[in-house]
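Numbering (the numbering used here), first residue to last: 373 to 604. Everything below concerns the one structure shown next.
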């Protein structure tokens, strides 16, 4: 419940990240960075992959004690989600940032993958997210500014958490239809299904690990395979 606008920095502690991977590839554009200086005992690990018209966002956090992990996505206009949520008449928070949220809806997301949509006129942003067990979903309006925006917050209390999210801006019908995730041999396996087939990602858990993308057509034939290696 810090009132500091820079709650992550305390005294002479400075927050900085480490770039683990960067690849501006032809089809797979990827970046991975970690940070263990924002909060004592917490390692945050984030990977972003830009493929054609969507972004795959993998956020992993581990700690030596239980914490409330919040992963917030801000988008244009109003936000809605395919989940039953309770409307709150007043904010339950007094910490800076959270206490400025309005039109708060809160509840438990459906098991597996849930969908949220940000909409402003003809412009839309679809969010598909694989939720960890025991998670909580919070939707709200951001503080008033030049442009109206809303926020979707995925919350979980644990010593470790992982969120796999696909973000796709679109007008009309989005191309991505589903996302799923699993683990195998020290790697995260993510499948993004879309109108052209499926993109299968293999993301190593190791800090010096890489990323592999295999695109399959509607019949399952491999169309393209591309890799991003740490240090590249």
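The beta carbon of each residue, even a glycine, is placed where N, CA and C say it ideally should be.
Just to confirm before moving on: does the CB-CB distance between residue i and residue j stay below 8 Å?
{"i": "residue 432", "j": "residue 417", "result": "yes"}
{"i": "residue 548", "j": "residue 497", "result": "no"}
{"i": "residue 477", "j": "residue 458", "result": "yes"}
{"i": "residue 410", "j": "residue 391", "result": "no"}
{"i": "residue 453", "j": "residue 487", "result": "yes"}
{"i": "residue 425", "j": "residue 456", "result": "no"}
Just the C-alpha distance for residue i and residue j, rounded to the nearest angstrom, thanks.
{"i": "residue 467", "j": "residue 435", "result": "22 Å"}
{"i": "residue 581", "j": "residue 461", "result": "46 Å"}
{"i": "residue 439", "j": "residue 599", "result": "34 Å"}
{"i": "residue 562", "j": "residue 475", "result": "33 Å"}
{"i": "residue 414", "j": "residue 420", "result": "20 Å"}
{"i": "residue 373", "j": "residue 506", "result": "Confidence is the limiting factor: at residue 373 the pLDDT is only 48, short of 50, which leaves the residue's position unreliable, though a coordinate-based value still follows. For residue 373 and residue 506, the distance between alpha carbons rounds to 22 Å."}
{"i": "residue 551", "j": "residue 568", "result": "14 Å"}
{"i": "residue 378", "j": "residue 437", "result": "Summary for residue 378: the model assigns pLDDT 48, below 50, so the residue's position carries little reliability, and this model does not support an answer."}
{"i": "residue 602", "j": "residue 546", "result": "31 Å"}
{"i": "residue 559", "j": "residue 447", "result": "30 Å"}
At what residues does the beta strand (DSSP E) containing residue i begin and finish?
{"i": "residue 445", "result": "426-448"}
{"i": "residue 576", "result": "569-576"}
{"i": "residue 465", "result": "Careful: residue 465 lies outside any beta strand (DSSP E) and carries neither H nor E."}
{"i": "residue 590", "result": "Taken as a continuous stretch (DSSP letters only), residue 590 belongs to no beta strand (DSSP E), as it is neither H nor E."}
{"i": "residue 555", "result": "548-556"}
Comparing C-alpha positions only, which one of the options sits nearest to residue i?
{"i": "residue 387", "options": "393, 412, 400", "result": "412"}
Meets three-Cβ-pair contact criterion under 8 Å: the segment 577-595 and the segment 391-403: The segment 577-595 makes contact with the segment 391-403; the number of CB pairs closer than 8 Å reaches 3 or more.
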